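Working notes, beginning with the structure itself.
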Amino acid sequence: GVVVVEAYVPESLLTKMEGIGRQYEEYKQIKAMKNPIKAGAYLFVAVVTVMILFSATWFGFYVARSITVPIQRLAEATEAVAQGDLSVKIDAKATDEIGTLIESFNRMTGDLQGSKFKLEDANRSLRQTNVELDRRRAYIETVVETIAAGLLSMDRNGIITTFNPSGERILGLSADRIRDRPANEVFKEFGLEVFQAVYDRMQADARDDWSLEGQVDVQGKPVKIRLNGSRMRDEANKDLGYVLIFDDLTELIKAQKVAAWQEVARRVAHEIKNPLTPIQLSAQRLRKKFFEKSPDFDRIFDEATNVIVTEVGSLKHMVDEFSKFARLPAPQMARQSLNEVIQEVLTLYRAAHKDIDFCVELDDDLPVLNFDREQLKRVCVNLFDNAIQAMNHAGRVWVSTKYDTKRKRAIVSVADEGVGITPEDQEKLFVPYFTRKKTGTGLGLAIVRRIITDHDGQIQASNNQPKGAVFTFDLPV
Ligand SMILES: Nc1ncnc2c1ncn2[C@@H]1O[C@H](COP(=O)(O)OP(=O)(O)OP(=O)(O)O)[C@@H](O)[C@H]1O
Ligand SMILES: [Mg+2]
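Numbering-wise (the working numbering), the sequence shown opens with residue -3 and increments by one.
Have a look at this one:
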């Protein structure tokens, strides 16, 4: 038997069945492909991983390089700077913080180099200045060492800082004994009262300079000293102390006297030779004519003896004048008015010289001073005579006195509008026997100068404006 069972299968189920059958077929196919697909996926993942690893490493290296290279350069450059080479420049390009660092480093070395150049420049000019200063100091020291005048300087506190060799010689004191010691103490110990006086005066009066003449005992011998004190100030007018310059007047006067007497001896010899020649010639002629028994012996005798007598007369006159000059009496000093003495002489001259106009200006403030009346009259007479002779006895003579309160001196001047003084005569005016006059002795001004220097004064001659000469002398008050 067969049993047939029929059952209706809906179409939708059929399609589903077909679908499932198809899916199953596909599944079977895919299942067969399973291994190759899996291997492919694994390969893909591996390749990607390797690529990622590689690029990460490369990137790492890249980044590391962009940091280490500039840092390496920086390290090298720092080393170079440490060795003193400031010209290093890092030219690595970077834009990040390292870039800023490099830029700052370059700027720093640049600045450092600029500063170094400036420093070197400053150093060089400083060295030059030092050399120049050294040279000047040596020069000034040499000047101080070699000047003939004595020099003593002290600082603001009165401590002696310099004492030059001339000072040592004049005062007979070695510098070691007084240097770096208080001036007051030194002046007292060695009896330098003039120095003390000048120093005191400058301190008390706040004066910038002061001069004084006085005596100092040098190894038991009196030495006449002229002392000039000055206050030292720097450019900012700050007080630096004092400098005292002094001269040995005894030496100076002695030297002047020797020079003057040498000149006198030379001129006297010359003057004596002049009349001697005609005397000798006349005597020789007389002898000759006498032995020849010449017929005109009488006439020649008269002539020759006349020459001899005249020439001997001029010799005698010269000797008289000379001894007058040589034997100038010692001054008789007294305190009196200089103006009065000048007026006295002027009265005589006004009466005797009608063609001379005396313009007189005497300072009423001039105090009485110490001088020899007769000698000062002689000075005036000589100066007035010279002025009148220089103008050929007609013209104006200006006479003035002035009181220099600062230097404490009387200043007298006699001016004329005569021929004036030529530059070559200027030096010789006061030398004994220098004259440009036919009948002059040339002793007038020599005597004048001698009197003035005996009175501790000085006399100078210069030219008057617009013409003529001026003689100016000063005397201590
Ligand atoms: N005021 C003056 N102007 C121009 N020259 C002058 C003046 N005073 C003097 N001298 C010149 O100086 C020279 C010397 O003068 P100093 O008084 O010594 O002698 P002297 O006048 O020639 O002679 P002495 O005084 O015996 O008459 C003069 O010869 C003259 O050349
Ligand atoms: Mg004269």
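A virtual CB, placed ideally from N, CA and C, is assigned to each residue, including glycine.
Computed from a predicted structure; not experimentally measured.
For residue i, three-class secondary structure by DSSP
i, result
"I86", "coil"
"D244", "strand"
"P161", "helix"
"A3", "coil"
"D412", "strand"
"V364", "coil"
"Q461", "coil"
"P428", "coil"
"Q332", "strand"
"D235", "strand"
"N224", "strand"
"A35", "helix"
"L277", "helix"
"R403", "coil"
"L272", "helix"
"P218", "strand"
Residue i classed as buried or exposed, judged by whether at least 16 other C-beta atoms fall within 10 angstroms
i, result
"Q371", "buried"
"G464", "buried"
"C376", "buried"
"I443", "buried"
"W257", "exposed"
"T142", "exposed"
"M47", "exposed"
"W54", "exposed"
beta-carbon residue i near ligand 1 non-hydrogen atom, thresh 7 Å
i, result
"T437", "yes"
"G391", "no"
"D292", "no"
"F318", "no"
"R432", "yes"
"V415", "yes"
"A348", "no"
"D353", "no"
"A465", "yes"
"A256", "no"
"D421", "yes"
Continuous beta strand (DSSP E) stretch holding residue i: start and end
i, result
"V466", "A465 to P472"
"E357", "I352 to E357"
"K398", "G391 to D400"
"E209", "D205 to V214"
"L379", "No beta strand (DSSP E) holds L379; the alpha helix (DSSP H) holding it covers R369 to A386."
"V(-2)", "Premise fails: V(-2) is in no beta strand (DSSP E) and is neither H nor E."
"G154", "Element bounds for G154: n/a, residue is neither H nor E."
CA-to-CA distance, residue j to residue i, given in whole angstroms
i, j, result
"L358", "T138", "46 Å"
"A386", "N302", "34 Å"
"Q422", "F297", "46 Å"
"A202", "A457", "34 Å"
"R283", "A265", "26 Å"
"A251", "T157", "31 Å"
"L169", "S319", "41 Å"
"D117", "D107", "15 Å"
"L122", "D361", "57 Å"
"V56", "L49", "The sequence given here has Gly at residue 56, not Val. Cα to Cα, G56 sits roughly 10 Å from L49."
"N102", "N119", "25 Å"
"C462", "G414", "In the sequence as presented, Cys is not what sits at residue 462; that position holds Pro. P462 and G414: Cα-Cα distance of roughly 10 Å."
"Y429", "N382", "14 Å"
"A171", "R392", "56 Å"
"G416", "V190", "40 Å"
"I136", "N366", "40 Å"
"G216", "L240", "23 Å"
"H313", "F469", "30 Å"
"T11", "V41", "40 Å"
"A73", "V84", "6 Å"
"A145", "R222", "10 Å"
"T449", "M228", "31 Å"
"G80", "T105", "10 Å"
"S396", "V356", "6 Å"
"L471", "A232", "36 Å"
"V43", "L82", "53 Å"
Distance cut-off 7 Å: residue i Cβ against heavy atoms of ligand 2
i, result
"L441", "yes"
"D381", "yes"
"N126", "no"
Limits of the alpha helix (DSSP H) - the one that residue i falls within
i, result
"M104", "E93 to T142"
"M198", "E189 to D201"
"I417", "No alpha helix (DSSP H) contains I417, which DSSP labels as neither H nor E."
"L439", "First-last for L439: undefined, no H or E at that position."
"F183", "A179 to E185"
"R173", "A171 to I174"
Contact with chain D by residue i, beta-carbon distance below 8 Å
i, result
"E99", "Although the question refers to chain D, the structure presented lacks it and comprises just one protein chain."
Any non-hydrogen atom of ligand 4 closer than 7 Å to residue i Cβ
i, result
"N378", "As far as ligands go, the structure on display features ligand 1 and ligand 2 and does not contain ligand 4."
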